[in-house]
Structures are given as C-alpha cells and as structure tokens.
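Input: a single structure, listed below in structure tokens.
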Amino acid sequence: MAARPAAGRRAVEVLLETELPGAGDRRLVLVDAVWAGSDEEREFTVQVDGSTRRVRVTDQDSPLGIADAWRRHLAETGPDGDGVLVVTGTVPADQLGWDLRGHAVRRRPLAVERADIVKQLFGAGDLDTRMVRETWLLDALLEAEPPGGWPRTGSVLTRDRAVRALLAARVGLGDAADDSPDLDADTLFDWSRTPAGPRRFAELPQQERAGLTVWLEEVAGPAAPTLLALAADGRGADALPLGALASAALACPAAADAGFALGTLFGGALRSFDALTPYAAAATGVLTRWIAQAEAGGPSGADARARVLAVLEQADRLAETARLTGLLTGDRLLPSGYRARLRTLAGTLDARPATAEAALRDLADHQLTRLHAESTERARTAVRLLRWLDTPLPPLESVGQSVCHHMESTGWVDLATGILAEGDTSRDGTVGEAYHRLIGRVRDRRRQLDERFARLLAIWAESASQQAPNGALLIEDVLTKAAAPLAREGGRPLILVLDGMSADVAAELAAGLDRRDWTEIVPTAPAGRRPGRLAAVAMLPTVTRISRASLLAGTATEGGQDVERAGFTAFWKKRRRTARLFHKGGYEGAAGHRLAPELLGALQDDDTVVGVVLNTIDDALADGRDNGRARWGTADIAKLADLLDAARGAGRPVLLVSDHGHVLDRSPREAGPTPADGVQGARWRTGPAQPGEVELTGPRVRAGSGRITAAWRDDLRYTSRQAGYHGGASLAEVTVPVLAFVPSGSEIPSGWTALPAENTAPAWWRGGETAEPPQPAAVPRGRDTRRRQPQSEGLFPQPGHGTLGERTVRSKPYETQREFVRNAPGNAAVAAALDALLEAGGKLSPAAVAAAAQSATGRSERNPQRFVTMLERLLNIDGYPVLQLVESGRTVHLDRELLRQQFAEGTPT
Numbered sequence: 073m074a075a076r077p078a079a080g081r082r083a084v085e086v087l088l089e090t091e092l093p094g095a096g097d098r099r100l101v102l103v104d105a106v107w108a109g110s111d112e113e114r115e116f117t118v119q120v121d122g123s124t125r126r127v128r129v130t131d132q133d134s135p136l137g138i139a140d141a142w143r144r145h146l147a148e149t150g151p152d153g154d155g156v157l158v159v160t161g162t163v164p165a166d167q168l169g170w171d172l173r174g175h176a177v178r179r180r181p182l183a184v185e186r187a188d189i190v191k192q193l194f195g196a197g198d199l200d201t202r203m204v205r206e207t208w209l210l211d212a213l214l215e216a217e218p219p220g221g222w223p224r225t226g227s228v229l230t231r232d233r234a235v236r237a238l239l240a241a242r243v244g245l246g247d248a249a250d251d252s253p254d255l256d257a258d259t260l261f262d263w264s265r266t267p268a269g270p271r272r273f274a275e276l277p278q279q280e281r282a283g284l285t286v287w288l289e290e291v292a293g294p295a296a297p298t299l300l301a302l303a304a305d306g307r308g309a310d311a312l313p314l315g316a317l318a319s320a321a322l323a324c325p326a327a328a329d330a331g332f333a334l335g336t337l338f339g340g341a342l343r344s345f346d347a348l349t350p351y352a353a354a355a356t357g358v359l360t361r362w363i364a365q366a367e368a369g370g371p372s373g374a375d376a377r378a379r380v381l382a383v384l385e386q387a388d389r390l391a392e393t394a395r396l397t398g399l400l401t402g403d404r405l406l407p408s409g410y411r412a413r414l415r416t417l418a419g420t421l422d423a424r425p426a427t428a429e430a431a432l433r434d435l436a437d438h439q440l441t442r443l444h445a446e447s448t449e450r451a452r453t454a455v456r457l458l459r460w461l462d463t464p465l466p467p468l469e470s471v472g473q474s475v476c477h478h479m480e481s482t483g484w485v486d487l488a489t490g491i492l493a494e495g496d497t498s499r500d501g502t503v504g505e506a507y508h509r510l511i512g513r514v515r516d517r518r519r520q521l522d523e524r525f526a527r528l529l530a531i532w533a534e535s536a537s538q539q540a541p542n543g544a545l546l547i548e549d550v551l552t553k554a555a556a557p558l559a560r561e562g563g564r565p566l567i568l569v570l571d572g573m574s575a576d577v578a579a580e581l582a583a584g585l586d587r588r589d590w591t592e593i594v595p596t597a598p599a600g601r602r603p604g605r606l607a608a609v610a611m612l613p614t615v616t617r618i619s620r621a622s623l624l625a626g627t628a629t630e631g632g633q634d635v636e637r638a639g640f641t642a643f644w645k646k647r648r649r650t651a652r653l654f655h656k657g658g659y660e661g662a663a664g665h666r667l668a669p670e671l672l673g674a675l676q677d678d679d680t681v682v683g684v685v686l687n688t689i690d691d692a693l694a695d696g697r698d699n700g701r702a703r704w705g706t707a708d709i710a711k712l713a714d715l716l717d718a719a720r721g722a723g724r725p726v727l728l729v730s731d732h733g734h735v736l737d738r739s740p741r742e743a744g745p746t747p748a749d750g751v752q753g754a755r756w757r758t759g760p761a762q763p764g765e766v767e768l769t770g771p772r773v774r775a776g777s778g779r780i781t782a783a784w785r786d787d788l789r790y791t792s793r794q795a796g797y798h799g800g801a802s803l804a805e806v807t808v809p810v811l812a813f814v815p816s817g818s819e820i821p822s823g824w825t826a827l828p829a830e831n832t833a834p835a836w837w838r839g840g841e842t843a844e845p846p847q848p849a850a851v852p853r854g855r856d857t858r859r860r861q862p863q864s865e866g867l868f869p870q871p872g873h874g875t876l877g878e879r880t881v882r883s884k885p886y887e888t889q890r891e892f893v894r895n896a897p898g899n900a901a902v903a904a905a906l907d908a909l910l911e912a913g914g915k916l917s918p919a920a921v922a923a924a925a926q927s928a929t930g931r932s933e934r935n936p937q938r939f940v941t942m943l944e945r946l947l948n949i950d951g952y953p954v955l956q957l958v959e960s961g962r963t964v965h966l967d968r969e970l971l972r973q974q975f976a977e978g979t980p981t
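In structure tokens form, the structure reads like this:
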C-alpha cells in the first residue's frame, strides 16, 4: 500500500480556513493523511468568517476509533458548540460508514494537497511544476511560514522564488520580500560569518539541507556545497578563512603537502579535492572585492578592512594549527605572507639599495599592501633612506647653499627618520631592530653634514649682515624678499608664522595641502636654474625672542609680542600698507566662532596685510604631543585649517614661514643633560666650545654679548629632557622654511611660478617615481627654443618628424579646432605640455603641466587650472576626453590612444 501523506498543523489550518466557511454547522473534518505535528499542536484555533473556532486533532487507525472520538467530542462540546474535530489516520475512505460521513465536511475524507496549500499561502494561481516533485520544499514551506505569512506572488509561484523565500525564513539568507536578491558567492560567504545563519542551517532536516545545497550550487556557483557542508558541521565561521587558506596552499610550491594538510582542516566537508579549486577561487574573489572596498576608504571601507583582516588572520591561525605556515610564506594574500615579505625587506637594509628596492617591489605586490598602508609607507621610507645613504654628500661651500639643500633634501631625511622612528605597526622585533640600525646610520651621516655646516656657520656669522648676507636669505629679509613681492599689484598676503617649524615639518605640511584648493608658488628662477622653495637663516642663537622678532620687524632685533607688532606695522607702513599682527589669544574665536571677528574683518579688508603667529609646534617641544607622533599635518596645528580656509575665501595668497627649526630628542630615556658651564638655554651657552659644539660670534649673534657656544650635535642638551629643543646650530634649527601658496584658480603673482607637487621631493625620495624634467637653459622670451623631450621607442615612432606634441599641434584637426578657441596658448606651450604628460605616463598635476609649458616658452603660465582648461578645449574634439582633470581636479590625464585617433594626421602610425 502506498505511503499515506502527512499533514502538520499548518496544512490542517489552511485546509480548515478553506473548507469551513461553506460547511454550515458540520464540525467533523476527516483528513486523508496521518498527523505529522507534535502532541502540543493538536489543539489550536482558526479564524473562520471573522470568528474564532477551537480545533482538536486526533489520529485514529480504525472506524470504531473515529466514531468513538466523534461521540466524545459531541459530549464535551455539546450540540450547540462550534468546536471542530479533525480526524487523521490510516483508515481508508471505503471503510467509513455513511452515518459517520453524514457529519463530516463534504461527507468524505479531505485530501491534503501540499502543493495547493503552498499556492494558497503565497496567493499564487499556479505552481512551478518542478516543485510538485520536491516534497521537501513543499513541507519546508508549510513548516517555515513566517508569522506575517509568505509574501504574495504573481500568478505563478516559481521554484526560485519559493527557495529564496525559504532561505530567508529558515537561515536568514536574503530577504523573503525581495523577489530577486543577490545570492552570489559574496552573499553566501558573508552569510557564513553571521552567528545564527550557519547554526540554523545545521539544524535543518537532512533532506532540506540537501535540497537547498543543490539549488545554491546552481545559483551561487560550485563553492556552495563545500561552504554549506562546513556550516552543517558547525564551522560556518571558518568557511571564508579556509577558502583563503586553500588558495594559498594550491599556489605554493609544495602544493601536494599543503593539500594533504588542508584535507584534515576541511574534514568531511570537502567532497573531493576537485572541489577545492573552485572553492578557493570563489573565496579569494570575495576577499579581493572586499579589499577593493577597503582601499576606497570611508566608513564602508573601514568596515571592509576590518572584515578582510579578521578573515585572513583566522586563516593564518588555521594554517598554524595545520603546520602550514612555513609553506605559505610567499603567499600574496595572507597576513603572514605580508609579514614575511616585510621581514625580508628589513633584512636587506644593511646592504645596497638595489636589493632593498627588489624587496620593496615584492612587498608592494602583496594584496594587503594598501590595507597596511602605514607599515608599507614605513618600509618605503626605509628604502628611501637607504637610497640617500648611497648618494654622495653634496659639496656645500656656503651657509646659503647649505640651508637651501637642507630644505630640498636633508630636511626630507629628517622627515623620513621621524616616520621610521615611530616604529612599525606590526611590532615585529626583527623589523624594529632593522629600522633602529638604519636610523643610527642615517643620524651618523646627518651629523657629518651638521658638523660641516657648523664650521661654515661660524665663519659666515662673523661678518654676515643685512647689508652683506653673503649669498644667504636672512630671516629679517623674508618679509622684503617674499612677503612684499606677494603684496605687489594689490596683493594681500596672509603671513602665517609657525613658531618652531623645521624643514621636515614644512615639507609634510605642504604635501598635505589639497592641491585643488592651493597652488604652491616659488620665485621665478634665474635663467638656467630650477626654481625651488626658499630657505632663510635664523638669527643666533635660534630662539624665539630673537629670530621671530627679527622676522616680523624686517630687521635684526629682539623682544616680545609688543616689539613684533610694532615692527610688523612699521615694516608695512613704509610700503604704504596697513597691517595687523595676531598672536595667541587674539585670533581664536569666542564660543560659537571658529576665528575672532577682528581677524576675519582684517582678512576681508583689501588694504590690510595680516600676520598670525601659531605656537602649536613650539609649545609641543616642551612636553611632547598626546599621540606621541613627531609628524605634523594641517589638522594638528590649532586653527591652521581655519586660517587657510579664511584666506582662500578672501582670495589671499599665504606665506607660511617659521622663526627657527628644532631637533627632537631621540636619545635613550636614561640619558641626562650634558654637563657644561655658562648654560643659557637648552642648546646654547657661553664658554669655550667642546666636541659637538661650535663657537659663534659676529653681527648675527644677538645674545651672550655677541659670542655664544651652540650645540650642533642633535643629541646634546644642557637642560632637563623635553620632546625637542632649539637654540643650537644644527641645520634643522638654523634653517627657516619659507613657503608660498595662492588659491588654486587665481592668478600667480608676477615674478612667481607654480611649483609642481612632483618637483618638491628630492630624487632619492622619489626613486623610480615620475618627476618633472629638469628646467632648460636660458630661454629668450618669444622664441621657440624649447628643448625636445625624448620619446619612448614604443610610442608612435616618427624619426625626423619631431615629438608627438609637435606633430599634434601641426595636424589639420588641431589647427581647425584652434580657430574656435579664443586666446588659445601658443603651439610651443601646448606641444611641451603634451610631451611632458607623455613622458610622465599620461598623468601630471596642473602645476607640472603649466611648468612644462613655461619651460618651453619662457612665458609664465600664471593660472595652471585655466591653462589646463584651454588644453581641454583644444584637444577634446566632439566631446572625446583626450585630456581631462581627474581625481577631483588634482591630476591631468592624457589618453594617448585617443590623442592618436583624434589627431591622426599629425601622428601617423
């Protein structure tokens, strides 16, 4: 005899809701099925025509049993009761007498058609024919109906729609109300990391698990069976880590040995080793997409980064338990592989740069490089310092040359040393010790430069004065040589004095400014020289009372804030300009104000030159900073970002200048002050010079009756320990950075030129990175004597036809387009800009593009953004983006292939 169908509570409920409304006063329901519910579910209520009816279910295996149950029901409920008796069991319909049938709804046993019930539950008119054969699915849908019911579907309930709804209700995978949620490998692996989902899947009946596995394999791919088997084993949280580990094992040289160990980790969840490859591919695909999200940054990026690292660290722990770690050191995805590459790089830091360069490329090839951005940047910084150690010491013969070189190069050494001194975020002892040794070598070499500079400084200071600076920019001449030129032609510079800012701090602050907001400018260089940042020489000793007063007064002097304000006002009064100088306590706004209204009013005044003194850096030298870092960004200096925003809003150029630099204390904590006589400050005293010191005398010395002894070694101090010091004679203390900026999009003042971001760092810092080509020799104005830029042989080779930029501007399409662009730049400027972009691989900053044009024509491009806009109009024929600003306006991108296509006449293939 065929097996009887089974009916649970929900099937009976739907049957009653369908049959009772037309049953009149009949209260006996015979069901052609056996009871599949629990004993606790035998009594319940249903809603029929707005009223609640009590229901009792009894399972009987004989006609007498059914009759006896019906009599007892009538006795308990009475003749007028509305309680319903449902009888299930194994009694065939032909054995039921007509006296019993006469009391039953429809006078016969009612069939339980699960397919029909499912249709009703989903409000569908028909059912996918495949579902009729899948009893596990129908039973599961009846059992798993959510409290609010299944979502209503259209005319046909498809199998896919039903399984999606079931997955959402049963295991929390997807959304029951969504007709087409994404159920791909990403969703499946993400679900595997939830605490409840895999556990609920493991609790399902085996037949239902098997059916869901088959469907998910069809939809999400071949990784689904292995993942779900892990979930069924209670190891869903390890599904993604095991996938990452499988990928690493399959790619390692000893794949066979690693595969055997993997088998023990997967256990029975792995049907065969053939399933390992697609599973690993799916897992690494998910992780690669998460890594891309993490690299994009923002809140979602931070969440993706945390997910990726949590998964991969667990993969490493699993590898360790299976003794796989040693086999997977070369992996490109696991954190252990990143750390192994980092340790390899650390092991090269005692050798020449070439080996370290190769190790750095290997580290950069790891997929977690950008997720471990700080660690990677420190490794890159270590290699930069190694390059610097490999370069010859410059033959500096004057103080002026020395401070300029410090601004251009050795200040960046100090910046790199500070980055490396913070230590690696991995806290790996091997890496930390390698960095420590490298820092020691760098400091030894820096001391050689400081010792040479101290000797030069001692000779120079004897006679140097404002009337005879002997080739150096004096701090008291900064306003005359830098601020006053910015004030010409109605300019209104904001002069920001960052007390204690050294060259390394200046370099980092400038690099952190958004080039969409600010364009750095420098004085136009004499013919044949490359323009660069200004560097002045501080007064001696390098203390605030002397150097800052001399800076702001425009003459050698000393004093406090009153002297500075009086001197600043007098300097600008001589130039027929009013001036306001704000010190600490004068520019900060009251509650509710970012900046003081008096300062904002002065910035809006067209006739007023404004100066502001910021003490954050100098103040931090006493006790250090809360975060323990030696590096500085705009946000780290109180009110600097607000002041820059206010200046940009007022259209003012900004001069960023210091009064002196500083050295940081990197000596051991137990080291005390150097015993000495005549101590006057942390880094200077009176009396004969000892090793590490230099005796200074002359017009530049404004203390100690014109004769002092200053420390040039960075590890000498005469007072109690602080985070840093100034007053000495080292390059870091004597060099005064002078940086100038104009709001991007505004005119560059006459006599100044844009400094491309690509040209700010020294060659040893950039390594293989692209930089602007060196400036040509003297170029008479108006003559096209531009130096030809070399082109790669892989580019459109045209021997004898000039550069690609030149061929482009000679093409007919370009000549035609130029007729429609008013005030278009000259062909020489356009050709030079194109050649510079091609030489750089298609990407440069707007300032670098404008500088390339200027180097070719000798004519200053005073508005780089406008020049790039003109190039867009000339080159983007019919809207094709041959050249465009990308990265929110920070970068100019040239599409070489589009250039060839649009101007084919000038660039034949």
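So for the sequence shown, our numbering puts the first residue at 73; every next one is plus one.
Virtual Cβ for every residue (Gly too), placed ideally from N, Cα, C.
Note that this is a predicted model, so its numbers are computed, not measured.
Per DSSP, the continuous alpha helix (DSSP H) segment holding glycine 721 begins and ends at 712-721. Within a 10 Å sphere around the beta-carbon of isoleucine 531 sit fewer than 16 other beta-carbons, which makes this residue exposed. Boundaries for glutamate 765: no alpha helix (DSSP H) harbours it, while the beta strand (DSSP E) harbouring it runs 765-769, taken from the DSSP string.
Ranking Leu585, Gly604, Gly961 by CA distance to the CA of tryptophan 824 puts Gly604 first. Shortest Cα-Cα distance from leucine 570 to any of Glu670, Val103, Val685 involves Val685.
Within the same chain, and ignoring the five residues on either side of phenylalanine 975 in sequence, the residues whose Cβ sits closer than 6 Å to its Cβ are Thr880, Ser883, Pro885, Tyr886. DSSP, reduced to helix, strand and coil, places glutamine 956 within a strand of the structure shown.
Ranking Ala309, Ala183, Pro595 by CA distance to the CA of serine 822 puts Pro595 first.
By the CB criterion at 7 Å, alanine 391 and leucine 400 fall inside the cutoff.
Between the alpha carbons of valine 773 and glycine 913 lies a distance of about 51 Å.
Residue pairing from DSSP places lysine 915 in a beta bridge opposite His965.
Within the model, the alpha-carbon separation for alanine 900 versus glutamate 878 is close to 8 Å. For alanine 451 against leucine 414, the beta-carbon gap comes to about 6 Å, under 8 Å, which counts as contact. Separation of the CB atoms of tryptophan 756 and threonine 791 is rounded to 11 Å, and the pair is thereby denied contact status at 8 Å. For leucine 214, same chain residues with a beta-carbon under 6 Å away, outside a window of 5 residues either side, are Arg82, Ala83 in chain order. Taking glutamate 630 as the centre and dropping the five residues before and after it, the same chain places the C-beta of Arg617, Ile618, Ala621, Arg774 closer than 7 Å to its C-beta, in chain order. Here leucine 260 is near alanine 292, since their CB atoms are less than 7 Å apart.
Taken atom to atom, the span from the alpha-carbon of valine 954 to that of alanine 326 is near 49 Å.
The C-beta distance from proline 77 to alanine 105 rounds to 4 Å, short enough to meet the 8 Å contact threshold. For aspartate 131, no alpha helix (DSSP H) segment is defined; the enclosing uninterrupted segment is the beta strand (DSSP E) at 123-132. Take the alpha-carbon of alanine 196 and the one of glutamate 185: they are about 15 Å apart.
Contact between alanine 924 and alanine 904 is confirmed by a C-beta separation of about 5 Å, below the 8 Å threshold. Residue pairing of glutamine 119 in beta bridges, as defined by DSSP: Thr124. Proximity to serine 574 across Asp171, Leu970, His798, Leu435 peaks at His798, based on C-alpha coordinates. Residue state for isoleucine 511 is assigned as helix, using DSSP reduced to three classes.
In terms of CA proximity to alanine 743, Arg789 leads the group Asp749, Leu229, Arg789.
Assignment of beta-bridge partners to tyrosine 797 by DSSP yields Val735. Comparing C-alpha distances from alanine 412 to each of Ala426, Leu435, Gly961 shows the shortest one belongs to Leu435. Separation of the CB atoms of alanine 311 and leucine 299 is rounded to 5 Å, and the pair is thereby assigned contact status at 8 Å. A residue is called buried when at least 16 other Cβ atoms come within 10 angstroms of its Cβ; alanine 718 meets this threshold and is buried. In this structure, DSSP gives phenylalanine 813 an extended state, which the three-state scheme calls strand. Under the three-pair Cβ rule at 8 Å, the segment 506-523 counts as touching the segment 489-496. Nearest to proline 760 by C-alpha distance, out of Leu768, Pro350, Ala754, is Leu768. The alpha-carbon separation between glutamate 592 and threonine 832 amounts to approximately 10 Å.
Alanine 378 is classed as exposed because its beta carbon has fewer than 16 other beta carbons within 10 Å across all chains shown. Distances from the alpha-carbon of tryptophan 836 to those of Gly331, Glu91, Ser481, Leu384 put Ser481 closest.
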